[in-house]
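Working notes, beginning with the structure itself.
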Amino acid sequence: MAYSGPFQPGDRVQLTDAKRRHFTIILEPGEAFHTHKGQIAHDEIIGSHEGTVVKSTLGADYLCFRHLMVDHVLSMPRGAAVIYPKDAAQILVEGDIFPGARVLEAGAGSGALSMSLLRAVGERGRLISYEIREDHLEFAENNVDEFFGGRPATWDPRLGDLKEVTVDDLGGPVDRVILDMLEPWECLEVVRDILIPGGVFMTYVATVPQLMKVMEGIRELQCFTEPKAWESLVREWKVEGLATRPEHRMNAHTAFLVWARRLADGVTPPRPQRRARR
Ligand SMILES: C[S@@+](CC[C@H](N)C(=O)[O-])C[C@H]1O[C@@H](n2cnc3c(N)ncnc32)[C@H](O)[C@@H]1O
Numbered sequence: 013m014a015y016s017g018p019f020q021p022g023d024r025v026q027l028t029d030a031k032r033r034h035f036t037i038i039l040e041p042g043e044a045f046h047t048h049k050g051q052i053a054h055d056e057i058i059g060s061h062e063g064t065v066v067k068s069t070l071g072a073d074y075l076c077f078r079h080l081m082v083d084h085v086l087s088m089p090r091g092a093a094v095i096y097p098k099d100a101a102q103i104l105v106e107g108d109i110f111p112g113a114r115v116l117e118a119g120a121g122s123g124a125l126s127m128s129l130l131r132a133v134g135e136r137g138r139l140i141s142y143e144i145r146e147d148h149l150e151f152a153e154n155n156v157d158e159f160f161g162g163r164p165a166t167w168d169p170r171l172g173d174l175k176e177v178t179v180d181d182l183g184g185p186v187d188r189v190i191l192d193m194l195e196p197w198e199c200l201e202v203v204r205d206i207l208i209p210g211g212v213f214m215t216y217v218a219t220v221p222q223l224m225k226v227m228e229g230i231r232e233l234q235c236f237t238e239p240k241a242w243e244s245l246v247r248e249w250k251v252e253g254l255a256t257r258p259e260h261r262m263n264a265h266t267a268f269l270v271w272a273r274r275l276a277d278g279v280t281p282p283r284p285q286r287r288a289r290r
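Per our numbering, the very first residue in the sequence shown carries number 13; after that it's consecutive.
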C-alpha cells in the first residue's frame, strides 16, 4: 500500500469540505462519491497528488489526503477502547521500541497500539499480540490488515490469556513488553519470565487504584527497577490574532503510564531511601 506519491486505485482517501467535515472513500476507477453537493468522480482523484482540491459537480471544494495512521486509529471500528496517539507516542519513545525489537503486547484490543508498534519494530522486528477475547482479536486483525493493506509478516496476533504464556511459547525472551489491560498486576510474573534482562516493561492503566496496585506489584517482585509513573496532557491552542488562547476542550485524562526495566537474575534492586512520614 502506498503511503505517499500520487493517488492510486485502492487508496483510502479523506475528503474534507469547507466546514472541515471528513468523508472517507476508497478509490476505484469508474466510481463516484455522492454528496448533497453533487458527485466527485474517483478518476479525478486517481493520479493526482495528495493535497489536491477537487470540485463536485455542483461546485463544492473537497481537499484530498490519504488517511494518516492517526486518522485510521480515530475512525476505525473498535471492540475495545484504543490507546490514543498522544500515549502511543510516549510508549514508542519511553518504551524504546527500536527497529528489529521483539515486542510482546497484551491485550491487542482494537489493534491501535499494534499499528504503532509494527511501524516502529520495522521489517526485522517482531510483534506478538495476545488477546483473550476472540471478538476483540477480530477487530484488531481487521483494523491492522486494513491499515497495512494486508497482514504484516512481522505480526503474530494470538488468541489467549497472557497469564498462561511462557517464554517457550514465544521462542525465547522478548526485548519489550507493553500491557494495556484491566488487571496488569496479574501478569507481572509472566512479564518477569519473558522479558530479557535490561528489557523495558510498560503498562497503561486508567485509574488511581490500578496504578497503585501495579506499582506495588512491580516493587514486590524485586526483579525490576523502581517503577516510574506519569501521565501526558496535550492541550491544543487556537491561534487567531488577539483571540489566541488554549482550546476550551481537551482530553484531560486518558490513562497513566508505568515504566520499569528488568534486572538481571539474582540482583537485588537498590531502593530509594524514603523519609519516614511524620
Ligand atoms: C483497552 S483494550 C486494549 C486496546 C489496545 N491497546 C488498542 O490500542 O487498541 C484491553 C484488552 O485487553 C484484553 N485482555 C484483558 N486481559 C487479558 C489477558 N489476561 N490476556 C490477553 N488479553 C487480555 C481485553 O479483552 C481487551 O481487549
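Where a beta carbon is used, it is the ideal one built from N, C-alpha and C, also for glycine.
Bear in mind that the values here come from a model prediction, so they are computed numbers and not experimental data.
Secondary structure at Lys49: coil, using DSSP grouped into helix, strand and coil. Non-local C-beta neighbours of Ala132 in its own chain, meaning closer than 6 Å and more than five positions away in sequence, comprise Leu104, Ile109, ordered along the chain.
With a cut-off of 8 Å, the C-beta of Lys175 is classified as near ligand 1, since at least one heavy atom of the ligand falls inside that distance. In the three-state DSSP reduction, Val246 falls in the coil class, being neither helix nor strand. Beta-carbon to beta-carbon, Phe151 and Gly123 are separated by about 7 Å, close enough to satisfy the 8 Å threshold. Here the C-alpha atom of Ala44 lies approximately 5 Å from the C-alpha atom of Ile52. Cβ-Cβ distances below 7 Å link Leu174 to Ala118, Tyr142, Cys199, Val202 in the same chain, with the five nearest sequence neighbours on each side left out; the list follows chain order. If you ignore the 5 residues before and after Met227, its C-beta comes within less than 8 Å of the C-beta of Pro239, Ala241, Val270, all in its own chain and listed in chain order. When rounded, the separation of the alpha-carbon atoms in Phe77 and Asp29 is 12 Å.
With a cut-off of 8 Å, the C-beta of Tyr216 is classified as near ligand 1, since at least one heavy atom of the ligand falls inside that distance.
Using a cutoff of 8 Å, the CB of Arg145 counts as near ligand 1, since one of the ligand's heavy atoms is closer than that. Ranking Met127, Gly172, Val186, Leu27 by CA distance to the CA of Pro209 puts Val186 first. The secondary-structure analysis by DSSP pairs Asp181 with nothing; it has no beta-bridge partner. Of the residues assessed, Ile38 falls on the exposed side of the cut-off, its CB having fewer than 16 other CB atoms within 10 angstroms. Your pair Asp205 and Thr178 checks out as a contact, with CB atoms roughly 7 Å apart and the cut at 8 Å.
If only uninterrupted beta strand (DSSP E) runs of at least 3 residues are considered, those enclosed by the region 72–116 are 73–78.
Only exposed fits Asn263, as fewer than 16 other CB atoms lie within 10 angstroms of its CB. Around Arg90, the same chain offers Ser122, Phe151 as residues with beta carbons nearer than 7 Å, after the five sequence neighbours per side are excluded. Residue environment for Ala267: buried (at least 16 other C-beta atoms within 10 angstroms of its C-beta).
Here Ser128 is buried, its C-beta having at least 16 other C-beta atoms within 10 Å. Pairing Asp168 with Arg138 gives a Cβ-Cβ distance under 9 Å. Taking a cut-off of 8 Å for Cβ pairs, the region 213–221 and the region 244–263 do not touch, as fewer than three such pairs fall below it.
Note: Asp168 is bridge-paired with Ile140 in the DSSP secondary-structure output. In the structure shown, Ile190 falls within a strand segment according to DSSP collapsed to helix, strand and coil.
Taking the C-beta atoms as reference points, Lys98 is found nearer than 9 Å to Ser244. In the assembly as shown, Leu149 is a buried residue. Its beta-carbon has 16 or more other beta-carbons within 10 Å.
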